[in-house]
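Sequential numbering from 2 applies to the sequence shown in the numbering used here.
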Amino acid sequence: MTDRFTILDAPEEFLSAPLRLTVDLCAIAENWRKMARRSGSARTAAVVKADAYGLGIEDVGQVLYHAGARDFFVAVPAEGETLRPYAPEARIFVLSGIWPGQEDIFFENDLVPVIASEEQLAFWMAVLTERGPYPCALHVDTGFNRLGLPLADALALTDDVSRPASLDPVLVMSHLACGDDPSSAMNRQQLERFRRVSAAFEGVDCSLSASAGIFLGSDYHFDLTRPGIALYGGEAVNGAKNPMRTVVKAEARILQIREAKAGESVSYGATHVLSRDSRLAVASVGYADGYLRNLSGSGIPLRDTGLPGAHGVIGGKRVPVVGRVTMDLTTFDVTDLPENAVRSGDYVELFGPSMPLDDVARAAGTIGYEMLTGLGLRYERIYLEGED
């Protein structure tokens with residue numbers, strides 16, 4: 002089968018771009034369906050905050066809607082406003098909740114605020130008193146200590162006769178702090194706390210699990226799951242084989258191939274000194290493009306090579322980063338490739354089907370989420386649609 006990421010008929014501006022990003026929309030749809038199957042009887046939402054993890058909320062939102070997603074989560078109301086035309090009949094939940102002055106954008110775009118604090122709850126009750134019934138969700142903190150109503154306050158709310166009758170949440174949710182670590186005792190602690198919430202809000206849909214929590218099993222699924230990183234091909238569970246399809250391929254054009262002698266240094270600070278006569282490929286990517294400075298030659302070893310720093314891929318072969326990653330440029334050592342295997346104008350794969358996203362993230366001491374959401378504005382993008 003032809004590699005989905007081998008683009009033979011792309012526009013010229015993509016084929017010659019300094020930076021290229023190929024997004025496989027079919028893979029996103031299949032990853033959502035895979036998470037829906039794992040969610041069992043629970044409905045499956047789609048988390049598309051941060052511009053769909055850096056991949057484009059319009060294109061990604063539309064394909065997920067056509068795949069069957071009818072619940073979406075965004076971080077801020079502007080993201081929900083952007084998504085609405087592409088998911089016309091979906092419920093769109095806004096995780097940051099609502100603040101004074103935002104009422105119109107919520108009501109005009111049929112967005113559901115996720116009430117996450119006592120201040121927001123008081124404001125929302127005042128809005129309901131003025132405008133009448135409107136759906137909301139409640140976020141309850143079960144141990145994360147980030148957003149969410151305190152557990153005791155949320156439980157007390159069910160017996161609060163002073164609350165407006167129109168305060169009728171359509172969803173109660175919480176979030177796991179250690180879902181990516183199946184051995185963590187905190188998962189079970191949060192589950193037991195959330196079961197108390199679920200019982201108190203009888204008849205209201207409940208949601209606890211994002212991508213990692215889905216893999217913890219049916220106890221954690223409740224009525225609605227909220228996969229995010231798994232949709233985009235990233236690892237959701239630490240130390241486990243990633244079952245998701247690759248979604249993204251990032252490439253940088255090689256601007257120059259240069260020869261350098263043993264004993265010479267590479268890039269700022271002269272931190273990397275060559276131990277042999279070398280051929281170096283200078284590529285048009287740097288930390289301004291989200292290729293992090295920590296990917297320089299002093300990064301965390303890739304688990305399968307033991308070599309320091311990140312690697313790219315040229316012609317199916319891994320090539321290491323040498324010297325410091327700079328704002329616009331990164332240097333790869335291509336000495337071990339045949340001389341005719343690479344030339345100026347070719348592309349190096351930064352991450353994708355041959356260089357897993359999370360391996361690159363580990364080399365930078367971070368996670369795949371940051372690699373995706375940190376993608377800069379200089380990538381020329383192409384979206385793959387249609388069947389495999």
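Just so you know, even glycine gets a beta-carbon here, dropped at the ideal spot from N, CA and C. Here the structure is a predicted model, which is why all the values come from computation and not from measurement.
Query, Result
"Inter-residue Cα distance where the pair is proline 12 and serine 42", "43 Å"
"Three-state class that DSSP yields for glutamine 191 in the structure shown", "helix"
"Beta-carbon separation (whole angstroms), proline 228 vs alanine 47, contact threshold 8 Å", "7 Å"
"Residue nearest to leucine 1 in terms of C-alpha spacing, selected from Glu109, Val113, Phe108", "Not covered by the structure: residue 1. The range shown for the chain is 2 to 389."
"Residues of its chain near threonine 306, where Cβ-Cβ distance is below 6 Å and the 5 sequence neighbours each way are ignored", "Bear in mind that a pLDDT of 48 at threonine 306, under 50, signals an unreliable position, so the model cannot answer this."
"Option nearest glutamine 63 by Cα separation, candidates Ala76, Val49, Arg39", "Val49"
"Top-ranked residue by Cα proximity to phenylalanine 352, from Ala18, Leu22, Asp10, Thr7", "Leu22"
"The stretch 258-266 contacting the stretch 197-217, beta-carbon criterion three pairs below 8 Å", "no"
"DSSP three-state assignment for proline 101, whether helix, strand or coil", "coil"
"Residue of Leu281, Glu371, Val248 minimising C-alpha distance to aspartate 4", "Val248"
"Validate contact between the stretch 29-42 and the stretch 74-86 using beta carbons, cut 8 Å, 3 pairs", "no"
"For glycine 218, the nearest candidate out of Gly234, Leu192, Tyr233, Gly240 (CA to CA)", "Leu192"
"Reduced DSSP secondary structure (H/G/I, E/B, other) of proline 78", "helix"
"Where arginine 38 sits in the DSSP three-state scheme", "helix"
"Contact between the stretch 25-36 and the stretch 185-200 (3+ Cβ pairs under 8 Å)", "no"
"N-terminal and C-terminal residue of the beta strand (DSSP E) that lysine 250 is part of", "249-261"
"Coil, strand or helix - isoleucine 8 by DSSP", "coil"
"At least 3 beta-carbon pairs within less than 8 Å: the stretch 168-176 vs the stretch 135-151", "yes"
"Exposure label - glycine 369; buried when at least 16 CB within 10 Å", "buried"
"Beta-carbon proximity of asparagine 243 to proline 354, cut-off 9 Å", "no"
"Alpha carbon of leucine 16 to alpha carbon of methionine 36, nearest angstrom", "33 Å"
"Which listed residue (Ala231, Arg71, Ser345) has its alpha carbon closest to that of valine 89", "Residue identity differs from the one stated: residue 89 is proline in this sequence, not valine. Comparing Cα positions, the closest option is Arg71."
"For phenylalanine 216, the first and last residue of its enclosing alpha helix (DSSP H)", "212-216"
"Contact under 9 Å by Cβ, leucine 281 with isoleucine 315", "no"
"Per DSSP, the bridge partner or partners of lysine 318", "Ile315"
"Extent of the continuous beta strand (DSSP E) run through threonine 332", "331-334"
"Local conformation of histidine 273 per DSSP, three classes", "strand"
"Identity of the residue in Leu122, Val335, Phe223 nearest isoleucine 255 by Cα", "Val335"
"7 Å Cβ shell around methionine 328 - same chain, five flanking residues per side excluded", "Gly287, Tyr288, Ala289"
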